[in-house]
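Residue numbers (the UniProt record's numbering): 1 to 138. Heads up, the beta-carbon is just placed ideally off N, CA and C, and yes, glycines get one too. Computed from a predicted structure; not experimentally measured.
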């Protein structure tokens with residue numbers, strides 16, 4: 001298995017390559033073009049902007065479905081001060097539920113990384129920093 005980390009592959013061409021089972025994390029695919037590809041059982045999780053599949057920009061469809069599944073999402077895109085207050089209320093409510101759930105876990109689980117992601121403690125540390133750096137100074 002080949003592994004690429006911290007590699008600059010901009011402008012590369014891949015032809016008749018089997019990438020089955022490959023995993024892409026924290027990659028930039030801006031301007032990528034996929035032609036004649038087979039995408040079966042593929043998961044995409046990340047920031048999407050102008051993702052065109054067979055001539056159709058699917059981002060508005062994805063956004064609408066995610067908003068339908070979770071109506072609070074729309075509140076997290078505020079456009080005025082009242083909207084920001086409502087969004088912050090959503091964040092605080094959800095964070096309280098997350099912390100309550102974490103309190104019921106075995107303490108060792110709070111430090112476990114799942115699927116290469118940050119542990120709960122690492123996430124908490126990051127959110128405290130982000131809140132202090134961005135929200136509190138605003």
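- About 33 Å separates the Cβ atoms of residue 25 and residue 83, ruling out a contact at the 8 Å cut-off.
- Taking the C-beta atoms as reference points, residue 66 is found no nearer than 7 Å to residue 77.
- Taking each of 104, 98 and 137 in turn and checking the Cα distance to residue 123, the smallest one comes out for 98.
- In its chain, beyond the 5 residues on either side, 59 have a beta carbon closer than 7 Å to the beta carbon of residue 49.
- One alpha carbon belongs to residue 41, the other to residue 12, and they sit about 24 Å apart.
- Excluding residues up to 5 positions away in sequence, 119 lie with their Cβ nearer than 6 Å to the Cβ of residue 113 in the same chain.
- A direct Cα-to-Cα measurement between residue 107 and residue 100 gives close to 13 Å.
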